[in-house]
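Undergrad:
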Amino acid sequence: MNLLFPDWLPRSNTVNLLAGAFLLSALYAAAQRRLLAAITAYQWNSVALGLIAAVVAVVTGARHIALAALLVFAIKAVVIPAVLRRQAMRGGGDTVAEPFMGVPAGMLACGGLVVLAFSQTRALFGAGSSILASCLPVSVATTLVGLFIMVSRRRALMQVVGLVIVENAIFLAAVSLTYGMPLVVEMGVLLDLLVGVALLGLFVGRIEETLGDTDTTRLTSLKG
Amino acid sequence: MHAGAIVLQTVLLVALAPLWNGVVARIKARLQMRRGSPVLQRYRDLLKLAGKETVLSEHASPLARVTPYLMLGAAVTLCTWTPVLTTRPGLAFAGDLVMTVALLAAMRVLLALLALEAGTTFGGMSASRHLALSALAEPALMMAIFTLALNAHSTDLARIAAAVEAAPAAWISPSHLLALTAVWIVVVSETGRVPVDNPVTHLELTMIHEGMTLDVSGHHLALLEWAGAVRQLVLLTLVANLFLPWGIADTLEPAALGLALLAWLGKLLLFAVVVALTESLTAKMRLFRVPEFLGMAFLLALIALTSDTLTRG
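Protein chains in written order, with my numbering: chain A, 95 to 318; chain B, 98 to 410.
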């Protein structure tokens with residue numbers, strides 16, 4: 095199967111390095127035991143994403159991508175981390191919860207996922223010459239790393255961090271594949287995300303109130 | 098590369114090595130609102146040490162006598178083939194990437210033997226920690242630089258630097274940043290800086306690198322400290338010129354060399370600021386967390402290497 099994608103933007107060092115920073119910050123979040131550090135890593139992840147979108151906007155000259163980049167900065171790099179941080183401080187502060195898998199083993203798993211993502215993306219799409227060549231594998235890899243954060247963590251808020259990292263990765267794929275969806279779609283997605291994070295924050299707050307803890311392994315005790 | 102250029106870069110590296118430590122200490126002092134000691138303080142310390150009596154146990158083996166000289170010798174040898182100002186291959190027949198890593202390992206073993214030689218508990222403890230961390234750091238360093246070596250089709254350091262510098266826009270892939278991060282973690286650990294080790298600590302139980310030289314005195318200590326500083330500068334130069342080679346000269350013309358010198362000094366100053374900031378902002382890690390930290394470096398280097406080969410094909 096050979097899918098055709100617009101191959102306008104040549105690979106550039108700036109985008110490649112930013113994609114590297116994007117992947118690196120996701121891996122950093124996966125290696126963290128502390129919630130606040132993971133949220134900071136998500137913030138860097140969003141900043142890298144916003145910068146990639148800004149570069150694409152400058153090169154293509156499309157105004158709606160520039161607006162989308164600004165929205166990414168405002169919502170993903172400022173508002174959502176602030177909401178998450180507030181929730182984290184309310185729910186017992188910066189307490190450490192050991193993940194299901196120890197951090198070194200978890201990092202090894204993440205490494206395997208990244209390699210898998212890179213090899214499979216190449217097998218599916220071939221070696222392109224556009225920014226896709228770096229952005230698409232990175233976005234698939236980051237999606238997998240985000241999912242791994244979601245399944246390997248006990249604390250509910252950490253799982254939310256995993257979710258928003260997955261969302262960032264999908265946004266990166268959208269930006270590099272289509273050079274930006276229509277602005278209405280982008281705004282809708284960002285608004286949905288914001289509402290989603292706010293709702294998840296509320297839910298985490300409720301879990302905290304009911305159980306006195308956000309360790310999701312204890313949720314099963316509701317059954318009894 | 099002409100003999101003159103090799104001598105010039107060796108002299109530069111050996112002479113400037115203690116200065117870099119002084120600059121970091123100065124920036125750190127400024128960040129802590131202190132005036133700090135002058136940047137040339139390290140040279141004065143070395144001079145003072147050189148003038149002091151060297152105390153050696155009567156049971157000291159010949160190894161203890163020659164190790165400080167061997168250490169400095171190995172460090173100076175490293176300087177001869179590290180690309181500093183120019184990418185013209187010089188002593189490529191004598192030393193490449195693998196030889197560099199091997200010499201670094203040899204220095205480590207010598208230092209550990211020296212620490213064990215004295216027979217004190219702190220020396221032995223520091224030596225065991227030092228070797229344990231090195232065993233983790235060394236493969237990460239090799240993997241990270243191999244990412245670049247694969248693309249340059251050579252393990253010669255000068256050629257790698259030239260290849261990265263001449264790279265077209267499509268060349269620098271995301272894995273470059275991963276490899277750079279990995280190598281930076283290794284350099285932090287190898288030079289014994291926060292968060293792995295604390296270079297100014299006086300608490301023996303927390304020492305790694307300083308603990309090994311506790312029983313050495315006089316000009317032997319001066320030689321060891323100088324060798325350590327040269328080794329550190331060589332590692333930093335490798336990061337500067339292999340991963341960020343922009344500004345390095347392709348020719349041996351004086352103008353290009355002058356520009357390369359400025360670029361090199363600028364990069365070293367940047368590293369000094371980064372190290373001083375890290376040391377001021379982060380706390381030293383628990384020893385048992387350090388293997389995790391170095392394991393991350395290894396993993397990043399591994400990801401860099403595999404994803405690089407996969408995307409390039």
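Backbone N, C-alpha and C define an ideal beta-carbon position, used for all residues, glycine too.
Since we're looking at a predicted model, the values are computed, not measured.
Would you tell me roughly how many angstroms separate the C-alpha atoms of ARG58 of chain A and ALA246 of chain B, rounded to the nearest one?
TA: Since the first and last residues shown for chain A are 95 and 318, residue 58 of chain A lies out of range.
Undergrad: For the putative contact between LEU211 of chain B and MET309 of chain B, defined by C-beta atoms under 8 Å, what is the C-beta separation to the nearest angstrom?
TA: The Cβ separation is near 7 Å, so the contact holds.
Undergrad: Any chance you could list the alpha helix (DSSP H) runs of at least 4 consecutive residues sitting entirely within the segment 361-405 of chain B, in chain order?
TA: Within the segment 361-405 of chain B, no complete alpha helix (DSSP H) run reaches 4 residues.
Undergrad: Quick check on this structure: which residue in A:VAL152, A:LEU118, A:ALA151 and A:PRO193 has the alpha carbon closest to the alpha carbon of LEU129 of chain A?
TA: Closest by alpha carbon: A:PRO193.
Undergrad: Once DSSP output is grouped into helix, strand and coil, what is the label at ARG185 of chain B?
TA: Correct three-state label for ARG185 of chain B: coil.
Undergrad: Within the segment 212-283 of chain A, note down every full alpha helix (DSSP H) run reaching 4 residues or more, in order along the chain.
TA: Qualifying alpha helix (DSSP H) stretches, in chain order: 226-246 and 250-272.
Undergrad: For GLN351 of chain B and ALA112 of chain B, what's the separation of their Cα atoms in angstroms?
TA: For clarity, residue 351 of chain B is Pro in the given sequence; the question names Gln instead. Straight-line Cα distance between these residues: approximately 20 Å.
Undergrad: Would you tell me roughly how many angstroms separate the C-alpha atoms of LEU266 of chain A and GLY295 of chain A, rounded to the nearest one?
TA: Roughly 24 Å between the two C-alpha positions.
Undergrad: Report the neighbours of PRO193 of chain A on chain B: residues whose CB is nearer than 7 Å to its CB, in chain order.
TA: Within 7 Å Cβ-Cβ: nothing; PRO193 of chain A doesn't reach chain B, min ~13 Å.
Undergrad: Report yes or no: is there a C-beta of chain B within less than 9 Å of the C-beta of ARG247 of chain A?
TA: It does not: the Cβ of ARG247 of chain A has no partner Cβ on chain B nearer than 9 Å.
Undergrad: Could you spell out where the alpha helix (DSSP H) holding SER231 of chain B opens and where it closes?
TA: It spans 218-249 - the alpha helix (DSSP H) in which SER231 of chain B sits, taken as one unbroken run.
Undergrad: Report all residues from its chain with a CB closer than 6 Å to the CB of SER233 of chain A; omit the five preceding and five following residues, and keep chain order.
TA: So the list reads ALA263, LEU266 and ALA267, once near-sequence residues are dropped.
Undergrad: Taking its Cβ as the centre, do 16 or more other Cβ atoms sit within 10 Å of SER270 of chain A, making it buried, or is it exposed?
TA: Result: buried.
Undergrad: Reducing DSSP to helix, strand and coil, say where LEU97 of chain A ends up.
TA: Because the pLDDT of LEU97 of chain A is 43, which lies under 50, any placement of that residue in the model is unreliable, and the number read from its coordinates should be weighed accordingly. Of the three classes helix, strand and coil, the one that applies to LEU97 of chain A here is coil, per DSSP.
Undergrad: Run through chain B and tell me which residues come within less than 8 Å of GLY205 of chain A, C-beta to C-beta.
TA: The answer, in chain order, is LEU396, LEU399 and ILE400.
Undergrad: Determine the closest residue to VAL104 of chain B out of B:ALA161, B:LEU175, B:ARG141 and B:PHE340, with distance taken between C-alpha atoms.
TA: Of the listed residues, the one whose Cα sits closest to VAL104 of chain B is B:LEU175.
Undergrad: Out of curiosity, what's the CA-to-CA distance linking PHE368 of chain B and GLU287 of chain B?
TA: Going by the C-alpha atoms only, they are around 15 Å apart.
Undergrad: What does DSSP give as the partner residues of ALA346 of chain B in its beta bridges?
TA: DSSP output for ALA346 of chain B lists B:THR183 as bridge partner(s).
Undergrad: Between which two residues does the alpha helix (DSSP H) containing PRO338 of chain B stretch?
TA: Checking the displayed sequence, the identity of residue 338 of chain B turns out to be Asn instead of Pro. First-last for ASN338 of chain B: undefined, no H or E at that position.
Undergrad: Using a C-beta to C-beta distance shorter than 8 Å, which residues of chain B count as neighbours of PHE297 of chain A?
TA: Here the premise fails: no neighbours, minimum Cβ distance about 32 Å.
Undergrad: Compute the Euclidean distance between the alpha carbons of ARG312 of chain A and VAL197 of chain A, then round it to the nearest angstrom.
TA: If you take the alpha carbons of ARG312 of chain A and VAL197 of chain A, they lie about 21 Å apart.
Undergrad: Please list the residues of the segment 270-284 of chain B that have a C-beta atom closer than 8 Å to any C-beta atom in chain A, keeping them in chain order.
TA: Cβ contacts with chain A come from SER270, PRO271, SER272, HIS273, LEU274, LEU275 and THR278.
Undergrad: Is ASP312 of chain B helix, strand or coil when you go by DSSP?
TA: In this structure, ASP312 of chain B counts as coil in the three-state DSSP scheme.
Undergrad: Counting C-beta neighbours from all protein chains within 10 Å, is the total for ALA401 of chain B 16 or more, i.e. buried, or is it exposed?
TA: It counts as buried.
Undergrad: How would you call GLY282 of chain A, buried or exposed, if buried means at least 16 neighbouring beta carbons within 10 angstroms?
TA: Answer is exposed; the Cβ neighbour count stays below 16.
Undergrad: With a CB to CB cut of under 6 Å and the five nearest residues on each side skipped, what residues in its chain are close to PRO100 of chain A?
TA: Per-residue confidence for PRO100 of chain A stands at a pLDDT of 48, beneath the threshold of 50, marking its modelled position as unreliable; the derived number appears in the next sentence. Counting only Cβ-Cβ distances below 6 Å, and skipping sequence neighbours, we find nothing.
Undergrad: In terms of DSSP beta bridges, what is ASP286 of chain A paired with?
TA: Its beta-bridge partners do not exist; DSSP assigns none.
Undergrad: Spatial neighbours of HIS306 of chain B within its chain, please: CB distance less than 6 Å, with the 5 preceding and 5 following residues excluded, ordered by chain position.
TA: Cβ neighbours of HIS306 of chain B beyond the five flanking positions: GLY289 and ASP294.
Undergrad: Got a sec: is the Cβ-Cβ distance from THR403 of chain B to anything in chain A below 9 Å?
TA: Chain A contact via Cβ: present.
Undergrad: Using a 10 Å radius around the Cβ and a threshold of 16 neighbouring Cβ atoms, would you call LEU111 of chain A buried or exposed?
TA: With 16 or more Cβ atoms within 10 Å of its Cβ, LEU111 of chain A is classed as buried.
Undergrad: Quick check: the Cα distance between LEU201 of chain B and THR348 of chain B, rounded to an integer number of angstroms?
TA: Each residue's alpha carbon lies about 29 Å from the other.
Undergrad: Closer than 9 Å, CB to CB, is VAL208 of chain A near chain B or not?
TA: So yes, VAL208 of chain A belongs to the interface.
Undergrad: Quick check: LEU228 of chain B and ALA209 of chain B, are their CB atoms within less than 9 Å of each other?
TA: It is a contact, given that the beta carbons lie within the stated cut-off.
Undergrad: Helix, strand or coil for ASP142 of chain B? Go by DSSP, reduced to three states.
TA: Here ASP142 of chain B sits in helix by DSSP.
Undergrad: At which residue ranges does the segment 113-167 of chain B contain complete alpha helix (DSSP H) runs of 4 or more residues, listed in the order of the chain?
TA: If we require 4 residues or more, the alpha helix (DSSP H) runs fully inside the segment 113-167 of chain B come out as 138-148.
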